[in-house]
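Here the structure is laid out as structure tokens; the discussion comes afterwards.
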Amino acid sequence: MSKKSNTSKRYTAEFKRDAVALASTSEKTVTEVARDLGVSPEGLRGWVKQAKIDRGEGPAGALTTAEREELVRLRRKVREQEATIEVLGKATAFFAQDKMR
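In the working numbering, the protein residues as written are 2 to 102.
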């Protein structure tokens, strides 16, 4: 299991998957496994919870990882389109004023 080494403490998908598997199969508590891996217990609990959701075992309405990623992508796309619309609106107003002169 390898952890990405940067200051934001982001972990690879492989590390998270292996940590969840270890937490699920170990006789140790999640807190003990987290301590052994050098991650926060809250973080590991979150990964375990998300893994259950991804397997279809989560509460109704909970977003899978793929759905969360799609939501982020779509929100980014909406922001880009809103910016484009704003620029086009300003350009239209500029050219409309110019045409009236």
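Every residue, glycine too, gets a C-beta built ideally from N, C-alpha and C.
The region 16 to 26 in contact with the region 46 to 54 per 3-pair CB rule at 8 Å: yes
Cβ-heavy atom distance, E58 to the ligand MN, below 7 Å: The ligand MN is not part of this structure, which contains no ligands at all.
Cut-off 8 Å between Cβ atoms - residues of its own chain near A63, not counting five sequence neighbours on either side: I54
Residue range of the alpha helix (DSSP H) that includes K29: Unbroken run through K29: none, as it is neither H nor E.
Within 8 Å, strictly: CB atoms of R46 and V34: no
Backbone secondary structure at K10 - three-state DSSP: coil
DSSP-derived helix/strand/coil call for R56: coil
Three-state secondary structure (DSSP) of L64: coil
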